[in-house]
Structure formats: C-alpha cells, structure tokens
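In full-length UniProt numbering, the protein residues as written are 1 to 314. Just so you know, even glycine gets a beta-carbon here, dropped at the ideal spot from N, CA and C. On a predicted model such as this, the values are computed, not experimentally measured, just so you know. Below is one structure, written out as structure tokens; the observations come after it.
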Amino acid sequence: MILPTFEDIKEAHERIQPYIHRTPVLTSESVNRLLGAELFFKCENFQKVGAFKFRGACNAVFSLTEEEASKGVGTHSSGNHAAAVALASRLRGIKARIVMPVTAPDIKKKAVAGYGAEITYCAPTLEARETTLQKLIDEHRITEIHPYNNFRVISGQGTAAKELIEDVEELDIIMTPVGGGGLLSGTALSAKALLPGCRVVAAEPAGADDAYRSFRAGHIIPSTNPNTIADGLLTSLGEMNFAIIQQSVDDIVTVSEEAIVEAMRMIWERMKIIIEPSSAVPVAALLEKKIQPNGQKIGIILSGGNVDLSKLPF
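Below is the structure:
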C-alpha cells in the first residue's frame with residue numbers, strides 16, 4: 001500500500017489554492033483561561049460547503065486526467081463529503097453522481113442538488129450505498145472518490161494543518177476529531193514534517209470509540225452501533241488512514257456526550273462562531289482533562305459548521 005507523504009500535501013495545496021478558502025485561525029482569551037492553554041482554532045467551519053471535506057474532494061477531482069474527468073465521478077455520502085464532491089465537480093465542469101440514503105436530511109439533499117450533482121437514493125444501509133454506487137461505476141465508468149480511504153483525499157485534507165502551522169509557526173500539540181481518519185491522517189503527515197516535536201492527538205466520542213480501540217489494539221476494529229451526537233464521526237477507519245495513524249499519531253482519547261455539548265456551547269457563546277458537534281470533540285477532551293494543557297500552545301482544527309438549527313442540543 002502506497003501512502004501519501006508531505007510532498008503530496010504540498011502538491012495538493014498548490015492544486016487547490018485557486019478554489020478553497022484559506023480559513024482563518026482564531027483565538028479567544030476567555031477560552032484560553034477556561035481550558036488552561038494557548039489555543040489556536042483553524043476554522044474549517046468557514047470552508048466552502050462548511051467543512052474541511054472540500055479540500056480533499058477538490059484535490060481528488062482536480063487530480064483526474066482529462067479522460068477520467070470526462071466520465072465523471074461518484075461517491076456515496078449523506079453529508080459533507082457529498083456536497084464537497086458535488087461542488088468540486090461543478091467547478092471543474094464534470095458530472096458528479098452521488099448515492100445518498102433516503103433518510104439523509106433534506107437540507108443536505110438540497111445542498112448536493114444545488115451544486116448540480118445527480119442524486120441516486122438508496123436504502124439507509126452501508127451495503128445498499130456500496131452496491132448502488134458500484135452499479136453506477138459499472139454503467140458509467142466513473143471514478144469513485146472515497147470520503148477518507150483515498151490517497152488524494154488524504155493529501156487534500158492535510159493542507160488544513162499545513163496552513164495552521166504556517167500561520168502560527170510553533171505548536172506543542174495539534175488536535176483533530178477522528179471518524180474515518182482522513183483529516184487526522186493528513187494532519188499527522190503535515191505536523192510531523194513541519195513540526196517534528198509536535199504531538200498529534202485525536203479525540204473521539206466514547207459512544208463511537210472504534211479508532212481509540214483500534215489504535216490500542218494495533219489493528220482496525222470496525223465501528224458497530226455507534227451512538228453519538230457527533231454524526232460526522234460514525235464511520236470506521238480506512239486502511240490507508242490507519243496505517244498513517246499508526247506511524248504518526250501520538251494518542252487518541254475519548255470524551256463524553258455531555259462534554260461534547262458543553263464544548264460546542266462554549267465555542268458558540270465565547271467565540272460567536274457556529275461549529276457542529278464533531279468539531280467540538282477535541283475541545284471536549286480539554287474540558288475533561290483527557291489532555292493536560294499545562295499552558296501549552298495547542299492547535300485545534302474545527303472540522304465543520306453544518307448544524308441543523310432545529311435540533312440544537314442546548
């Protein structure tokens with residue numbers, strides 16, 4: 001298995017810079033005091049489609065040869081990745097076919113359709129999503145863009161941490177949430193290349209702790225019946241992602257649902273920005289003292305800000 005390197009992240013950054021937002025790094029003195037650290041928040045909630053996912057999707061789409069692009073791309077997703085692939089494809093002028101479960105939120109269906117993608121609905125099971133996508137691949141010869149277990153996607157996701165480190169320069173710890181591992185693996189590659197002494201730590205809900213258990217077991221333990229408000233972190237780790245995580249991530253910790261909600265509310269109230277529950281998970285780890293801050297400089301990638309405002313937990 002060939003894994004991406006920091007050189008691939010640098011190439012991805014050059015490729016996608018005309019299309020992505022270089023998102024700001026925000027700080028808050030009140031949050032610093034509450035959590036006992038000097039915190040730097042990389043605001044991917046301000047990224048196009050409202051999440052870091054656009055970086056990886058954009059790199060994958062714009063890496064295609066002209067022949068590949070002419071046939072279009074496809075993926076299965078009920079959330080941010082679907083919108084990211086749809087928008088990246090529109091920007092390149094190619095067709096995107098997205099398989100979405102019928103149970104996907106209406107707002108996400110509308111977003112994907114609004115970016116011009118063709119949606120095929122399926123039953124709300126992983127098997128249905130995969131078999132439906134495979135039929136489209138067989139019929140149209142489209143290129144699949146997996147949301148995280150994909151060389152080009154990982155390379156694109158690593159550009160967020162690259163920008164964070166370029167802007168802040170020195171960090172003791174970089175934290176991300178972890179679901180499939182695309183953001184975490186890309187972040188680890190950038191961090192270890194640019195700041196070799198920086199620790200890379202991921203946080204995960206205790207109700208969806210497959211990455212935590214996999215990290216300690218040394219092999220992938222699939223996610224089964226995950227239960228968490230952080231709906232972006234329900235998937236199992238990808239093989240490529242896990243290989244990078246084993247090499248370059250220092251620790252994975254878990255947090256309670258109560259801490260996720262408290263952390264989300266803190267960022268909304270203190271920083272006046274909208275983040276989704278998945279983004280709050282690393283902040284929750286600091287709230288619960290799963291990481292001892294000790295006044296260190298800590299970078300946190302706020303992964304996204306797509307929230308159903310009718311279902312706020314506070």
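Taking C-beta separations shorter than 6 Å and ignoring five residues to either side along the sequence, the partners of K290 in its chain run V253, following chain order.
In the DSSP assignment, Y212 falls within the alpha helix (DSSP H) that extends over 210-217. Cβ-Cβ distances below 6 Å link A84 to V49, K53, F54, A57 in the same chain, with the five nearest sequence neighbours on each side left out; the list follows chain order. Between G156 and A60, the beta carbon gap of about 7 Å places them in contact (Cβ cut-off 8 Å).
The criterion of a C-beta distance shorter than 8 Å is not satisfied by A208 and I301.
With respect to the C-alpha of I119, the residue from G158, I275, D106, M100 having the closest C-alpha is M100. Shortest Cα-Cα distance from C43 to any of G305, S30, S310 involves G305.
A Cβ-Cβ distance of about 15 Å is found for the pair V255 and E276, leaving them out of contact under the 8 Å criterion.
Under the three-state reduction of DSSP, E130 is assigned to helix. A check of alpha carbon separations from R152 across K135, S185, L133, E163 identifies S185 as the nearest. The beta carbon of K71 is closer than 6 Å to those of R141, I142 in its chain, skipping five residues each way along the sequence. In the same chain as T187, and ignoring 5 residues on each side of it, the C-beta atoms closer than 8 Å to its own belong to Q157, G158, A160, A161, I174, T176, V200, I301, in chain order. For H76, the uninterrupted beta strand (DSSP E) run begins and ends at 73-76, by DSSP. Contact between P124 and S77 is ruled out by a C-beta separation of about 13 Å, above the 8 Å threshold. Non-local C-beta neighbours of I107 in its own chain, meaning closer than 8 Å and more than five positions away in sequence, comprise D308, ordered along the chain. Cβ-Cβ distances below 7 Å link S248 to A188, L189, K192, V200 in the same chain, with the five nearest sequence neighbours on each side left out; the list follows chain order.
Spanning the alpha carbons of V25 and E269 requires a straight line of approximately 18 Å. A straight-line Cα-Cα distance of about 8 Å links I9 and I154. For F52, no alpha helix (DSSP H) run applies, since DSSP gives it neither H nor E. Taking each of A82, I245, P222, I229 in turn and checking the Cα distance to V261, the smallest one comes out for I229.
Its Cα nearest to that of P313, the residue D231 stands out among F215, D231, K135. Secondary structure of K297 (DSSP, three-state): strand. DSSP places R90 within a helical segment (H, G or I) once states are collapsed to three. When DSSP states are grouped into helix, strand and coil, E276 belongs to the coil group.
Beta-bridge partners assigned by DSSP to C43: L302.
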